[in-house]
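Novice:
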Amino acid sequence: MMPLALRIAVTHILARKRQTLVSLSGIVLGTAFFIAVSALMRGSEQDFIRRLIDNSAHITVSDDFRSAGLQPAAERWPEAVVAIRGVKPQREVRGIRNYREKLRYVESLPDLRVAPVLTGSVVLTFAGRVQGMTLSGVIPATIADVTTIEEKIVAGSLDALAANPNGIVVGQGLIGKFRLAMGRNLAVATSEGAVRTLKIVGIFRTGNAAYDETQGYVLLKRAQTLLDRPNRVNRFIIQLDDPYRAREVARQIEQRIGYKSVSWIEASEDIMSLLLVRNIIMYTVVIAILLVAAFGIYNTISTIVMEKTRDIAILKSMGFHARDIRNIFVAEGVIVGLCGSLGGALAGLGLMHVLGRISIRVPDMPGDLTHLPLDRSLDQFMLAFAFAMIATIVASFLPARKGARVHPVTILRGAT
Amino acid sequence: MSAVLVAENLRRTLPGVVPVTLIDDASLVIDRGEFVAIMGPSGSGKSSLLYLLGLLDVPTSGRIELDGEDTTAFDENRLADVRLRKLGFVFQFHFLLAEFTVLDNMLLPMLRLGRLDPQAAAERAHGLLALLGMDGHSHKRPGQLSGGQRQRVAIARALANDPLVILADEPTGNLDSHSAANVQKILRTLVDEHGKTVITVTHDAAFAGRADRLIGIVDGRIDPHWVPPTLAPVGIQATPKSQ
Ligand SMILES: Nc1ncnc2c1ncn2[C@@H]1O[C@H](COP(=O)(O)OP(=O)(O)OP(=O)(O)O)[C@@H](O)[C@H]1O
Ligand SMILES: [Mg+2]
Numbered sequence: 024m025m026p027l028a029l030r031i032a033v034t035h036i037l038a039r040k041r042q043t044l045v046s047l048s049g050i051v052l053g054t055a056f057f058i059a060v061s062a063l064m065r066g067s068e069q070d071f072i073r074r075l076i077d078n079s080a081h082i083t084v085s086d087d088f089r090s091a092g093l094q095p096a097a098e099r100w101p102e103a104v105v106a107i108r109g110v111k112p113q114r115e116v117r118g119i120r121n122y123r124e125k126l127r128y129v130e131s132l133p134d135l136r137v138a139p140v141l142t143g144s145v146v147l148t149f150a151g152r153v154q155g156m157t158l159s160g161v162i163p164a165t166i167a168d169v170t171t172i173e174e175k176i177v178a179g180s181l182d183a184l185a186a187n188p189n190g191i192v193v194g195q196g197l198i199g200k201f202r203l204a205m206g207r208n209l210a211v212a213t214s215e216g217a218v219r220t221l222k223i224v225g226i227f228r229t230g231n232a233a234y235d236e237t238q239g240y241v242l243l244k245r246a247q248t249l250l251d252r253p254n255r256v257n258r259f260i261i262q263l264d265d266p267y268r269a270r271e272v273a274r275q276i277e278q279r280i281g282y283k284s285v286s287w288i289e290a291s292e293d294i295m296s297l298l299l300v301r302n303i304i305m306y307t308v309v310i311a312i313l314l315v316a317a318f319g320i321y322n323t324i325s326t327i328v329m330e331k332t333r334d335i336a337i338l339k340s341m342g343f344h345a346r347d348i349r350n351i352f353v354a355e356g357v358i359v360g361l362c363g364s365l366g367g368a369l370a371g372l373g374l375m376h377v378l379g380r381i382s383i384r385v386p387d388m389p390g391d392l393t394h395l396p397l398d399r400s401l402d403q404f405m406l407a408f409a410f411a412m413i414a415t416i417v418a419s420f421l422p423a424r425k426g427a428r429v430h431p432v433t434i435l436r437g438a439t
Numbered sequence: 655m656s657a658v659l660v661a662e663n664l665r666r667t668l669p670g671v672v673p674v675t676l677i678d679d680a681s682l683v684i685d686r687g688e689f690v691a692i693m694g695p696s697g698s699g700k701s702s703l704l705y706l707l708g709l710l711d712v713p714t715s716g717r718i719e720l721d722g723e724d725t726t727a728f729d730e731n732r733l734a735d736v737r738l739r740k741l742g743f744v745f746q747f748h749f750l751l752a753e754f755t756v757l758d759n760m761l762l763p764m765l766r767l768g769r770l771d772p773q774a775a776a777e778r779a780h781g782l783l784a785l786l787g788m789d790g791h792s793h794k795r796p797g798q799l800s801g802g803q804r805q806r807v808a809i810a811r812a813l814a815n816d817p818l819v820i821l822a823d824e825p826t827g828n829l830d831s832h833s834a835a836n837v838q839k840i841l842r843t844l845v846d847e848h849g850k851t852v853i854t855v856t857h858d859a860a861f862a863g864r865a866d867r868l869i870g871i872v873d874g875r876i877d878p879h880w881v882p883p884t885l886a887p888v889g890i891q892a893t894p895k896s897q
């Protein structure tokens, strides 16, 4: 046997099928959109972060310091020095000093892989054309551990580079632009004027046009001689087993070796705050949809309360308490909210299914179909459900309370 | 006979810039098993008095004792509980719940009180409907009944929780003469054969003539000398209870 208030509520609702259906569909749509949009936004965010983690170094240690060191004079007389004029930066060969020792320390840390890199700018000349290039001197075995470059190679290999001290791996964009091919020679000039001829032993293709035109890989030793920085590297690239520890590990490394260590989280702070803004916008919109739906419920319950003032008067004259009356109308809202959010969850699943089947052809990547990234986790269903329920309970409580306050005598007088 | 309802110096004033006095210093005693008619000119305060006696409205001052219980200090919920257990109401308009069947309308006060289980409540409802000649209609909606039939269902519902006192406000006001006579007969029977106390407001002098006692109200005051206009020539005297 149903509680009496619930029974009256059900009867009221069944007697108003059309009106109930309208406010019901509001909640269904609101909940479904909440879920679908949330799945899409969270899915794309996770996808984005995953790409970010996969494609960028988790930690980059560079030959920079976070704050410039003190001038010797300031070190000697810390109290007395007010200003030092005409400071000239030290002309030292840039790079991480004593990198082998520091590399050994980083290698000793658990659950990470590290590769030393020397990067510098060179100028390419081929058949009279000239172009700048960022040259990375790497050790093929370690660089394969910390970047995805090996997967991106479409011709030749990193092993070929390891075997050929005069080899170079370049991007497909450069190949196309300069009409090059595997095995051809390239003249590489440094800013110091040294020129060397390198042979193309590998071609990579990342999909990033700028990268594919301007990056090149050679052996670390070759880069050191080319750039005239013997026994130096200017960067450690570190990948962690757990990318979310990056901030903490970066801090630890920086404290120990002094050089600036930047985690991917720090490096992509702007993107992260962009994602946050995107989330705020999304939740504002979907909550607004649910609020509109809640207004629908408010409207329905208000109408029922208004139509039922006589019933309220007679029920109260019979001995029903104000609380009984309130429960009737809150129950009506809860029934609509419950059915609506359950229906909305199903509709949301359906929407997700439809969205999941949409495939996107990425231009310039023939044969490569991508699906919309969707987050299907349960907690967003719970969140949508909770929001819908809170909204409907509030929306029905207000008119219900008003109905409960109806004084029977006022109505009885009006009716006779 | 013992008193079931005692009202002492009831006053009901509507607050406002110009306060309106609905009932002024009304005192009365109604005995168990009495059939009392309240009469008076339109706007004299008959309904207002009935709402006070029925614990639907709260007097500004004065005291109401029902079944030996002083209700003066009761809050809204306790008054509702007393109404549920001891009072039944019949109004000019039937006030049946339109979406519910006749039977469900009958069950509402019983289930709210919870003295009977649903099975027993349904049996009792059928019994009361039969008493009022309405048992064949228990599964109809109020909209499918005539005015007289609805009013009989309303009376049956007023009896649902076996009340001590039935309060009726012009129960025949909306009915044709045949149905009105029927309702009057039923109320009389409730008093005579079921020991109920009935207090009814009416404009109908013939109906008032069936009552044991007539209380006249003029301008919110009980007027012992008031005589219904149409009764006077026939020579039936109203018998207001002397204070
Ligand atoms: N809310 C109110 N504000 C002001 N005056 C009111 C209000 N309610 C009732 N009154 C006045 O109180 C007086 C008594 O009203 P009541 O309904 O009790 O009279 P009645 O005798 O039942 O009349 P009727 O025979 O028309 O039903 C009337 O004069 C009415 O105008
Ligand atoms: Mg009246």
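So the protein sequences, as listed, match chains A and B.
If you count by our numbering, then the first sequence holds residues 24 to 439, one letter each, in order.
If you count by our numbering, then the second sequence holds residues 655 to 897, one letter each, in order.
Every residue, glycine too, gets a C-beta built ideally from N, C-alpha and C.
Source: prediction; values computed, not measured.
Please go through the stretch 748-806 of chain B and give each complete alpha helix (DSSP H) segment of 4 or more residues, from N-terminal end onward.
Specialist: The qualifying runs are 756-767, 772-785.
Novice: Cβ of V736 of chain B less than 9 Å from any chain A Cβ?
Specialist: Interface residue, yes.
Novice: Please check the pair Q275 of chain A and R136 of chain A, which I expect to be a contact at CB under 8 Å, by giving their CB distance rounded to whole angstroms.
Specialist: Not quite, the Cβ-Cβ distance comes to about 16 Å (not below 8 Å), so this is no contact.
Novice: Opposite R666 of chain B in the DSSP bridges: which residues?
Specialist: Partner(s): B:I677.
Novice: Pick out the complete beta strand (DSSP E) segments inside the stretch 241-290 of chain A, 3 residues or longer, and give them in chain order.
Specialist: Entirely contained in the stretch 241-290 of chain A, the beta strand (DSSP E) runs reaching 3 residues are, in chain order, 258-263, 284-286.
Novice: Using 9 Å as the limit for Cβ to Cβ distance, is D70 of chain A near chain B?
Specialist: With 9 Å as the cut-off, D70 of chain A does not count as an interface residue toward chain B.
Novice: Three or more beta-carbon pairs under 8 Å between the stretch 420-429 of chain A and the stretch 343-355 of chain A, yes or no?
Specialist: Short answer: they touch.
Novice: Considering only the alpha carbon of each residue, which of A:G360, A:I294, A:T54, A:L181 lies closest to Q69 of chain A?
Specialist: Selected option, being the one with the closest Cα: A:I294.
Novice: Return no unless some Cβ of chain B is closer than 9 Å to the Cβ of I416 of chain A.
Specialist: Not closer than 9 Å to any Cβ of chain B, the Cβ of I416 of chain A fails to qualify, so no.
Novice: Counting C-beta neighbours from all protein chains within 10 Å, is the total for G196 of chain A 16 or more, i.e. buried, or is it exposed?
Specialist: Classification of G196 of chain A: buried, given that the 10 Å Cβ count is 16 or more.
Novice: Check for me: the alpha helix (DSSP H) holding P139 of chain A runs from which residue to which?
Specialist: P139 of chain A -> not in any alpha helix (DSSP H); beta strand (DSSP E) instead, spanning 135-149.
Novice: For E777 of chain B, verify whether its CB is less than 8 Å away from any heavy atom of ligand 2.
Specialist: Result no, Cβ not under 8 Å from ligand 2.
Novice: Could you check which residue in B:E824, B:A859, B:I809, B:H832 has the C-alpha nearest to that of L844 of chain B?
Specialist: Minimum Cα distance to L844 of chain B is reached at B:I809.
Novice: Taking 6 Å as the limit between beta carbons, can you name the residues of its chain near A814 of chain B, skipping five residues before and five after?
Specialist: The answer, listed in chain order, is M760, P763, M764.
Novice: I'd like the list of long-range same chain contacts for A1 of chain A, defined as Cβ closer than 7 Å, with 5 residues on each side in sequence excluded.
Specialist: Past the boundaries of the shown model lies residue 1 of chain A; chain A is included only from 24 to 439, so the question cannot be answered.
Novice: So what does DSSP say about D877 of chain B, is it helix, strand or coil?
Specialist: Note: D877 of chain B maps to coil in three-state DSSP.
Novice: List, in chain order, every chain B residue whose beta-carbon is nearer than 7 Å to that of G342 of chain A.
Specialist: The contacting residues are A734, D735, R737, L738, P763, R766.
Novice: Taking just the CA atoms, how far does I853 of chain B sit from L720 of chain B?
Specialist: The straight-line gap from Cα to Cα measures roughly 13 Å.
Novice: Would you say the beta carbon of E330 of chain A comes nearer than 8 Å to a heavy atom of ligand 2?
Specialist: Result no, Cβ not under 8 Å from ligand 2.
Novice: When every heavy atom of ligand 2 is checked, does at least one fall within less than 8 Å of the C-beta of S340 of chain A?
Specialist: Incorrect: S340 of chain A has no Cβ contact closer than 8 Å to ligand 2.
Novice: Please go through the same chain and pick out, in chain order, the residues whose beta-carbon is closer than 7 Å to the beta-carbon of L37 of chain A, but skip the five residues on each side of it.
Specialist: Excluding residues within five positions, none has a Cβ falling inside 7 Å.
Novice: Relative to the C-alpha of R875 of chain B, which candidate in B:T667, B:L659, B:G849, B:G863 has its C-alpha closest?
Specialist: Minimum Cα distance to R875 of chain B is reached at B:T667.
Novice: Can you have a look at H793 of chain B and say buried or exposed, based on whether 16 or more other CB atoms are within 10 angstroms of its CB?
Specialist: Classification for H793 of chain B: exposed.
Novice: Excluding the 5 residues flanking D877 of chain B on each side, which residues of the same chain have their C-beta closer than 7 Å to its C-beta?
Specialist: So the qualifying residues of the chain are G870, I871.
Novice: Is V855 of chain B near ligand 2, going by C-beta to nearest heavy atom under 8 Å?
Specialist: For ligand 2, at least one heavy atom lies less than 8 Å from the Cβ of V855 of chain B.
Novice: Could you tell me whether the Cβ atoms of A835 of chain B and V744 of chain B are closer together than 9 Å?
Specialist: Cβ atoms of A835 of chain B and V744 of chain B: not closer than 9 Å.
Novice: Please say whether G143 of chain A and T220 of chain A have beta carbons closer to each other than 9 Å?
Specialist: No.
Novice: Classify T433 of chain A as buried or exposed, calling it buried when 16 or more other Cβ atoms lie within 10 Å of its own Cβ.
Specialist: T433 of chain A comes out exposed.
Novice: May I ask which residues mark the beginning and end of the beta strand (DSSP E) holding R717 of chain B?
Specialist: Note, R717 of chain B: beta strand (DSSP E), 715-720.
Novice: Is any heavy atom in ligand 2 found nearer than 8 Å to the beta carbon of D823 of chain B?
Specialist: Yes, since a heavy atom of ligand 2 falls inside the 8 Å radius drawn around the Cβ of D823 of chain B.
Novice: Give me the chain A residues within the contact set of F728 of chain B, using Cβ-Cβ distance strictly less than 9 Å, ordered along the chain.
Specialist: Here the premise fails: no neighbours, minimum Cβ distance about 13 Å.
Novice: Using only the alpha-carbon positions, how far apart do H832 of chain B and L435 of chain A sit?
Specialist: Answer to the nearest angstrom: the Cα atoms are 25 Å apart.
Novice: Within 8 Å: the Cβ of V674 of chain B and any heavy atom of ligand 1?
Specialist: At least one heavy atom of ligand 1 is nearer than 8 Å to the Cβ of V674 of chain B, so yes.
Novice: Please report the Cβ distance between L63 of chain A and F149 of chain A, rounded to the nearest whole angstrom; I am assuming they are in contact, meaning their Cβ atoms lie under 8 Å.
Specialist: At roughly 46 Å, the Cβ-Cβ gap does not stay under 8 Å, so L63 of chain A and F149 of chain A are not in contact.
Novice: Consider the C-beta atom of I50 of chain A and the heavy atoms of ligand 1; say whether any pair is separated by less than 8 Å.
Specialist: No, the Cβ of I50 of chain A stays beyond 8 Å of every heavy atom of ligand 1.
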